[in-house]
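Q: Sharing a structure, written as structure tokens. Questions coming.
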Amino acid sequence: MQIQITNLGKTYGATPALSGVTLTIQTGIFGLLGPNGAGKTTLMQILATLLPAKEGSVEIGDCKLGRDDQAIRAMLGYLPQEFGLYGNLSGYEYLDYVALMKGITNSRQRKEAVASLLEQVNMTDRAKKLMGSYSGGMKQRIGIAQAMIGSPKLIIVDEPTAGLDLEERIRFRKRLDQMGKDRIVILSTHIAADIGNSCSQLALMKDGRVVYQGTQAQLLERVKDRVWTGMVEESQFDAIKTRMKVLSSRKTAYGREIRVLSGDGAKPFAGAELAASGLEDAYLDVMKPEVQLT
Ligand SMILES: Nc1ncnc2c1ncn2[C@@H]1O[C@H](COP(=O)(O)OP(=O)(O)OP(=O)(O)O)[C@@H](O)[C@H]1O
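full-length UniProt numbering applies: residue 1 is where the sequence shown begins, and numbers increase by one.
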């Protein structure tokens, strides 16, 4: 399956939230990365048929958004950013209800599906407790389970790891990697580290626009052998930041520890050491095209 988004636009009153968004999304995990307010949630809500676009078109497989919304909902698992729960239902009752809504009418099949999902999100022990008593992370795990019910062909998860502890993050990651093998999983986050190795396709958004689309490998290539670290004096730092992109800086008792992106890859200052570069560096490179002045 493929998703083709063409020239999508959305405004809230006079506020532009999406402008000219064009993306092609193939089977696998697709990472949507961008700072707060970039338009990720708006885009996901449009794809999930919850919000009408102002302009542009979206094709999901053979379905056209706006024309085939019912069919799109039938193939969709969606975990919204703010996942409201029915506090007076148990986790089990809630998932059973969602499974029924998704068309799993056979009660034995439903029981098996719910039990398996509870197991996968490590909530079997708590399944009979009311959701009102769950912690934020437990609610999120039930949210993840409901998005996976019925093995949907398209899974959209908005900031899914917010509130999860490290162990649950890893567990979720593994599950997502598995799901991404034969379907489209769209994962939005503002944390570069949340984009795992198995997420081959990426888009970076800023101010409602796509500022990068490509593979993770291509993005990493941008910063390969260009990231340097070292300790400098304040006066040196003032000069350096007018010449190159500062990825991070930290004042210490011995001077300022900096991490910079050298334009041509050459050693940027005396004592600088070449550092291993990563997705966070590439993300900052795309997001901060201007020289950082602070
Ligand atoms: N219901 C709304 N009414 C008015 N403006 C909105 C509404 N929802 C979002 N916006 C605005 O649209 C823009 C995009 O917001 P959106 O929530 O899609 O971004 P996001 O990338 O998901 O951010 P976050 O990571 O904080 O969730 C922002 O400027 C936001 O203030």
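Ideal placement from N, C-alpha and C gives every residue a C-beta, glycine not left out.
Have a look at P35 and I46 and give me their C-alpha separation to the nearest angstrom.
A: Taking the first residue of the sequence shown as 1, we reach residue 35 at position 35. Taking the first residue of the sequence shown as 1, we reach residue 46 at position 46. About 19 Å.
Q: Going by DSSP, name the residue or residues bridged to M231.
A: Within the sequence shown, the letter at position 231 stands for residue 231. Looking at the DSSP assignment, M231 forms a beta bridge with E257.
Q: Specify whether the region 154-172 and the region 183-190 touch according to this definition: at least 3 beta carbon pairs, one from each stretch, less than 8 Å apart.
A: Yes: the two stretches touch, three or more of their Cβ pairs being nearer than 8 Å.
Q: Is K40 near ligand 1, with its Cβ less than 7 Å from a heavy atom?
A: The residue labelled residue 40 in the question sits at position 40 within the sequence shown. Yes - ligand 1 has a heavy atom lying nearer than 7 Å to the Cβ of K40.
Q: If we call anything under 8 Å between Cβ atoms a contact, is L117 one with A145?
A: As a working note, residue 117 is residue 117 in the sequence shown. As a working note, residue 145 is residue 145 in the sequence shown. The answer is yes: Cβ separation under 8 Å.
Q: What is the rounded straight-line gap between the Cα of V291 and the Cα of V223?
A: Taking the first residue of the sequence shown as 1, we reach residue 291 at position 291. Taking the first residue of the sequence shown as 1, we reach residue 223 at position 223. With a pLDDT of 46 at V291, under the threshold of 50, the predicted position of this residue should be treated as unreliable, though the coordinate-derived value follows. V291 and V223: Cα-Cα distance of roughly 15 Å.
Q: State the DSSP-derived secondary structure class of G84, mapped to helix, strand or coil.
A: Translated into the one-based positions of the sequence shown, residue 84 becomes position 84. Coil, per DSSP.
Q: Would DSSP call M244 helix, strand or coil?
A: Along the sequence shown, one-based indexing puts residue 244 at 244. M244: coil per DSSP, three-state reduction.
Q: Among residues of its own chain, excluding the 5 on either side of S200, which ones have a beta-carbon nearer than 8 Å to its beta-carbon?
A: Taking the sequence shown and counting its residues from 1, one reaches residue 200 at position 200. These residues qualify, in order along the chain: G28, I29, T215, Q216 and A217.
Q: Could you tell me if P52 is buried or exposed, where buried requires 16 or more neighbouring beta carbons within 10 angstroms of its beta carbon?
A: Taking the first residue of the sequence shown as position 1, residue 52 is located at position 52. So P52 ends up on the exposed side.
Q: Can you tell me which of the three DSSP states I104 falls into?
A: Translated into positions along the sequence shown, residue 104 becomes position 104. Coil, per DSSP.
Q: Can you give me the C-alpha to C-alpha distance between F269 and G39, rounded to a whole angstrom?
A: Your numbering for residue 269 matches position 269 in the sequence shown. Your numbering for residue 39 matches position 39 in the sequence shown. In a straight line, the C-alpha of F269 is about 38 Å away from that of G39.
Q: Going by beta carbon distance, what residues of the same chain come within less than 7 Å of V232, once the five residues before and after it are set aside?
A: For the purposes of this step, residue 232 is taken as residue 232 along the sequence shown, with counting starting at 1. Closer than 7 Å at Cβ, skipping near neighbours: I240, G255, R256, I258 and F269.
Q: In terms of residues, what are the limits of the beta strand (DSSP E) holding residue 299?
A: Here the chain comprises residues numbered 1 to 294, so residue 299 is not present and cannot be evaluated.
Q: Taking all protein chains shown into account, do 16 or more other C-beta atoms lie within 10 angstroms of the C-beta of Q213, making it buried, or fewer, making it exposed?
A: Residue mapping note: residue 213 aligns to position 213 of the sequence shown, counting from 1. The residue is buried, with at least 16 neighbouring Cβ atoms inside 10 Å.
Q: So what does Y78 bridge to, in DSSP terms?
A: To locate residue 78, count along the sequence shown from 1; it is residue 78. In the DSSP output, where bridge partners are listed per residue, Y78 has I156.
Q: Between the Cα of A127 and those of K181, R173, G278 and Y92, spot the shortest distance and give me the residue it belongs to.
A: Within the sequence shown, numbered from 1, the residue matching residue 127 stands at position 127. Minimum Cα distance to A127 is reached at Y92.
Q: Buried or exposed for K245, please, with buried defined as at least 16 other CB atoms from any protein chain shown within 10 angstroms of its CB.
A: Taking the sequence shown and counting its residues from 1, one reaches residue 245 at position 245. Its Cβ being crowded by 16 or more others within 10 Å, K245 is buried.
Q: Less than 8 Å between the C-beta atoms of E168 and Q81, yes or no?
A: By one-based count along the sequence shown, residue 168 stands at place 168. By one-based count along the sequence shown, residue 81 stands at place 81. No, the Cβ-Cβ distance between E168 and Q81 is not below 8 Å.
Q: Verify whether the separation of the beta carbon atoms of E119 and A192 is less than 8 Å.
A: Taking the sequence shown and counting its residues from 1, one reaches residue 119 at position 119. Taking the sequence shown and counting its residues from 1, one reaches residue 192 at position 192. No, these two residues do not count as a Cβ contact at 8 Å.
Q: Using CA atoms only, rank isn't needed, just tell me which of R226, L284 and G278 is closest to D264.
A: What you label residue 264 is simply residue 264 of the sequence shown in a count that begins at 1. Selected option, being the one with the closest Cα: R226.
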